[in-house]
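Asker: I have a structure here, written as C-alpha cells, and I will follow up with some questions on it.
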Amino acid sequence: MRSIFWKEISSYFSSLTAYVIVGVFLLLIGAFAWVFPDTSILSNNYAGLDPLFTMAPLVFLFLVPALTMRSFSEEYQLGTIEFLISKPLYDWQIVLAKYFAQVFLVLVALIPTVIYYYSVYHLGAPAGNLDKGGIMGSYIGLFLLSCLFVSIGILASSLSTNQIVSFILAFLLSFIVYFGFEFLADLPVFIGSWDNVIDKFGASHYYSSLSKGILDSRDIMYFLSLIAFMLFATITSLQWKRAS
430 MRSIFWKEIS SYFSSLTAYV IVGVFLLLIG AFAWVFPDTS ILSNNYAGLD
480 PLFTMAPLVF LFLVPALTMR SFSEEYQLGT IEFLISKPLY DWQIVLAKYF
530 AQVFLVLVAL IPTVIYYYSV YHLGAPAGNL DKGGIMGSYI GLFLLSCLFV
580 SIGILASSLS TNQIVSFILA FLLSFIVYFG FEFLADLPVF IGSWDNVIDK
630 FGASHYYSSL SKGILDSRDI MYFLSLIAFM LFATITSLQW KRAS
C-alpha cells in the first residue's frame, strides 16, 4: 500500500501535472482574493478570508477532477491494472493508497494559502483583529470538502477507461453533491415544506456551517460518511472490473 502511495506521488511530481494543478489553484485563488475588485479582500471593510473560502470550492470543482481523472482510467488504458491487482494487496488498500496520495496533493495546494492568513492578520486594525475561529473552521471545512471531491473523482475514474469521461463525470457528481441539493431546495414547489430537509443533503450546507467556526460533529460525520461511501463504491467498481 505504501509503495503505491509513493508511486502515485512520484508520478505526479515527475510530470507537470502536480505543478500545473497546484500553480493554477494558487493563481486563481490569489486573483480572486487580492486582484479582482468584486471579490478582493482589500475591498472589504473588515479583515477576513471570506473570498478565499467562497471561491476555493468552485476552483476545486474543476481542478480536483483534473487531478483524479487518471487514477484508474490511465491504469485501464495502459493495461497496468492487471499488474496492480496481481500484487498481494486487497482492493481497499489499492483504492486508499491512490486516494491518500491525491489528498496529499490537495493539502500541498492548500498549505501556501496560510500566507494569506498571515497577510490578513496584519491588515486588521489592530493587527490580529479577525475571526480566527471562523477561519480555522473554514480551513477544516475546505479540506473535508476537497477530500470529498477527491473520493468522487476516484470513483469516476474507476468507472471509465477514458480520462475525459472520468473528468466530466467527476465534475458533474461533485457539482450535484455541492450545489445540486441547494438548487433543488430553492424550487418553489419545495419552499416552506421540504426545502430545509433537501438542503441538508448537500455539502454546501455543512461547509457553510463549519465556516462559522463551530465544529459540529454532525458536519464532520456528513463528510466522513459520504467519503466512506464513495470509496466503498470505488472498491466495488474495482472488484467488478476484476471479475469482468
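Using my numbering, read the sequence shown as starting at 430 and increasing by one per residue.
We put the CB at the ideal spot given by N, CA and C, even for glycine.
(1) Would you mind listing the alpha helix (DSSP H) stretches within the region 537-587 that are 4+ residues and don't spill past its ends, in chain order?
(2) State yes or no: is the C-beta of residue 515 within less than 8 angstroms of the C-beta of residue 586?
(3) Using only the alpha-carbon positions, how far apart do residue 463 and residue 469 sit?
(4) Quick one: what does DSSP say residue 499 is sitting in, helix, strand or coil?
(5) Which runs of the alpha helix (DSSP H) spanning at least 4 residues fall entirely within the region 434-480, listed in chain order?
(6) Alpha carbon to alpha carbon, what distance is there between residue 601 and residue 523?
(7) Please confirm whether residue 628 and residue 610 have their CB atoms less than 8 angstroms apart.
(8) Taking 8 angstroms as the limit between beta carbons, can you name the residues of its chain near residue 572, skipping five residues before and five after?
(9) How many Å lie between residue 518 and residue 667 at the Cα?
(10) Could you give the residue range of the alpha helix (DSSP H) that holds residue 626?
(11) Using three-state DSSP, classify residue 527 as helix, strand or coil.
(12) Here's a check: name, in chain order, each residue in its chain whose Cβ is nearer than 7 angstroms to the Cβ of residue 454, leaving out the five neighbours to either side.
(13) Can you tell me which of 643, 561 and 531 puts its alpha carbon nearest to the alpha carbon of residue 543?
(14) Does the distance from the CB of residue 527 to the CB of residue 433 come in under 8 angstroms?
(15) Between the Cα of residue 656 and those of 443, 566 and 584, spot the shortest distance and give me the residue it belongs to.
(16) Could you spell out where the alpha helix (DSSP H) holding residue 633 opens and where it closes?
(17) Could you check the C-alpha separation between residue 685 and residue 631 for me, to the nearest Å?
(18) Give the range of the alpha helix (DSSP H) segment to which residue 594 is assigned.
(19) Is the separation between the beta-carbon of residue 494 and that of residue 599 shorter than 8 angstroms?
(20) Can the beta-carbon of residue 651 be found less than 8 angstroms from the beta-carbon of residue 570?
(21) Let me know the secondary structure DSSP gives residue 618 once reduced to three states.
(22) Within 10 angstroms of its Cβ, does residue 509 collect 16 or more other Cβ (buried), or is it exposed?
(23) Suppose you measure from the CA of residue 548 to the CA of residue 618; what does that come to, to the nearest Å?
(24) Tell me where the alpha helix (DSSP H) around residue 512 begins and ends.
(25) In the structure shown, what three-state DSSP assignment does residue 490 receive?
Answerer: Let's see:
(1) 543-552
(2) Translated into positions along the sequence shown, residue 515 becomes position 86. Translated into positions along the sequence shown, residue 586 becomes position 157. Not closer than 8 angstroms, so no.
(3) Walking along the sequence shown from the start, residue 463 turns up at place 34. Walking along the sequence shown from the start, residue 469 turns up at place 40. When rounded, the distance between both Cα atoms is 5 angstroms.
(4) Reading the sequence shown from its first residue, position 70 is the one you call residue 499. Three-state result, residue 499: coil.
(5) 446-459
(6) What you label residue 523 is simply residue 94 of the sequence shown in a count that begins at 1. What you label residue 601 is simply residue 172 of the sequence shown in a count that begins at 1. Between the C-alpha atoms of residue 523 and residue 601 there is a straight-line separation of about 25 angstroms.
(7) Mapped onto the sequence shown, residue 628 falls at position 199. Mapped onto the sequence shown, residue 610 falls at position 181. Yes, the Cβ-Cβ distance between residue 628 and residue 610 is below 8 angstroms.
(8) By one-based count along the sequence shown, residue 572 stands at place 143. Around residue 572: 535, 536 and 539.
(9) Here residue 518 is taken as the residue at index 89 of the sequence shown, counted from 1. Here residue 667 is taken as the residue at index 238 of the sequence shown, counted from 1. About 13 angstroms.
(10) Taking the sequence shown and counting its residues from 1, one reaches residue 626 at position 197. Looking at the DSSP string, the run of the alpha helix (DSSP H) that includes residue 626 is 624-628.
(11) For the purposes of this step, residue 527 is taken as the residue at position 98 of the sequence shown. Looking at residue 527 - three-state DSSP - the assignment turns out to be helix.
(12) Translated into positions along the sequence shown, residue 454 becomes position 25. Short of 7 angstroms from the beta carbon of residue 454, and not among the five residues preceding or following it, lie these beta carbons of its own chain, in chain order: 488, 492 and 538.
(13) Reading the sequence shown from its first residue, position 114 is the one you call residue 543. Looking at 643, 561 and 531, the one whose alpha-carbon comes closest to that of residue 543 is 561.
(14) The residue you call residue 527 lines up with position 98 of the sequence shown. The residue you call residue 433 lines up with position 4 of the sequence shown. For residue 527 and residue 433, yes; Cβs fall inside 8 angstroms.
(15) The count along the sequence shown starts at 1 and reaches residue 656 at position 227. Measuring from the Cα of residue 656, the nearest candidate turns out to be 584.
(16) Stepping through the sequence shown from its first residue, residue 633 is reached at position 204. Taken as a continuous stretch (DSSP letters only), the alpha helix (DSSP H) holding residue 633 covers 632-639.
(17) Residue numbering for the chain in the displayed model covers 430 to 673; residue 685 lies beyond these limits and cannot be assessed.
(18) Indexing the sequence shown from 1 puts residue 594 at position 165. In the DSSP annotation of this structure, the continuous segment of the alpha helix (DSSP H) that includes residue 594 starts and ends at 592-604.
(19) Within the sequence shown, residue 494 is the residue found at index 65, counting from 1. Within the sequence shown, residue 599 is the residue found at index 170, counting from 1. Contact: yes.
(20) Within the sequence shown, residue 651 is the residue found at index 222, counting from 1. Within the sequence shown, residue 570 is the residue found at index 141, counting from 1. Residue 570 sits away from residue 651, with the two beta carbons spaced by 8 angstroms or more.
(21) The count along the sequence shown starts at 1 and reaches residue 618 at position 189. Of the three classes helix, strand and coil, the one that applies to residue 618 here is coil, per DSSP.
(22) Residue numbering aside, residue 509 sits at position 80 when the sequence shown is read from its first letter. It counts as exposed.
(23) For this step, residue 548 is matched to residue 119 along the sequence shown. For this step, residue 618 is matched to residue 189 along the sequence shown. Straight through space, the alpha carbons of residue 618 and residue 548 are spaced by roughly 45 angstroms.
(24) Here residue 512 refers to the residue found at position 83 of the sequence shown. Counting along the chain, the alpha helix (DSSP H) containing residue 512 begins and ends at 510-514.
(25) For this step, residue 490 is matched to residue 61 along the sequence shown. The answer is helix: DSSP assigns residue 490 an H, G or I state.
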